[in-house]
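What follows is a single structure, written as structure tokens, with notes after it.
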Amino acid sequence: MNIQDQELQELMFLHEQMLYWAQEGNWTQVAATEEIHRNRIQQFFQHPIGEERAEQVRSSVKIMLETNSRIMDLVQKGRGDMEQEISSIRKGRRALAAYGENTQRSGKGMSEKS
Numbered sequence: 004m005n006i007q008d009q010e011l012q013e014l015m016f017l018h019e020q021m022l023y024w025a026q027e028g029n030w031t032q033v034a035a036t037e038e039i040h041r042n043r044i045q046q047f048f049q050h051p052i053g054e055e056r057a058e059q060v061r062s063s064v065k066i067m068l069e070t071n072s073r074i075m076d077l078v079q080k081g082r083g084d085m086e087q088e089i090s091s092i093r094k095g096r097r098a099l100a101a102y103g104e105n106t107q108r109s110g111k112g113m114s115e116k117s
């Protein structure tokens, strides 16, 4: 195995790691791994790809693009989940504020009757 084959395997591994972290919802790790992956891709394609490896590289790039699509789907789902959580928190805060206002009004009415 030559250096290009090793580099290609490392790229594939990094991409799978990004998918794993995305499935786990660990967006910090996805971003950190993506930065490493991006740098490695730039390094990999600085040198010409020999004709004997062209098909292997093409196939690997296709897999990486498909994996990237799955990662982006998870990112969109994660955003939707986060928006739902934020909405629930806002509703909870409004309910708590309304309860507090009602409690204060009830307390004033009670003290006035006494």
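Here the sequence shown is numbered in this note's numbering, starting from 4 and rising by one per residue. Where is the CB? At the ideal position from N, CA and C, for every residue including glycine.
### Message
For Val33, count the other beta carbons within 10 Å of its own beta carbon; 16 or more makes it buried, fewer makes it exposed. Which is it?
### Response
The count along the sequence shown starts at 1 and reaches residue 33 at position 30. Counting every other CB atom within 10 Å of its CB across the protein chains shown gives Val33 a total of 16 or more, marking it as buried.
### Task
Could you check the C-alpha separation between Asp8 and Gly81 for me, to the nearest Å?
Taking the sequence shown and counting its residues from 1, one reaches residue 8 at position 5. Taking the sequence shown and counting its residues from 1, one reaches residue 81 at position 78. Taking C-alpha positions only, Asp8 is separated from Gly81 by approximately 34 angstroms.
### Query
Is it true that the CB of Glu19 sits closer than 7 angstroms to the CB of Phe47?
If you number the sequence shown from 1, residue 47 lands on position 44. If you number the sequence shown from 1, residue 19 lands on position 16. No. Outside cutoff.
#### Entry: Collapsed DSSP secondary structure at Asn105 in the structure displayed
The residue you call residue 105 lines up with position 102 of the sequence shown. Reduced to three states, the DSSP call for Asn105 is helix.
### Message
Quick check: what's the CA-CA separation for Leu22 versus Tyr102?
### Response
In the sequence shown, the residue the question calls residue 22 occupies position 19. In the sequence shown, the residue the question calls residue 102 occupies position 99. Between Leu22 and Tyr102, the C-alpha separation is close to 44 angstroms.
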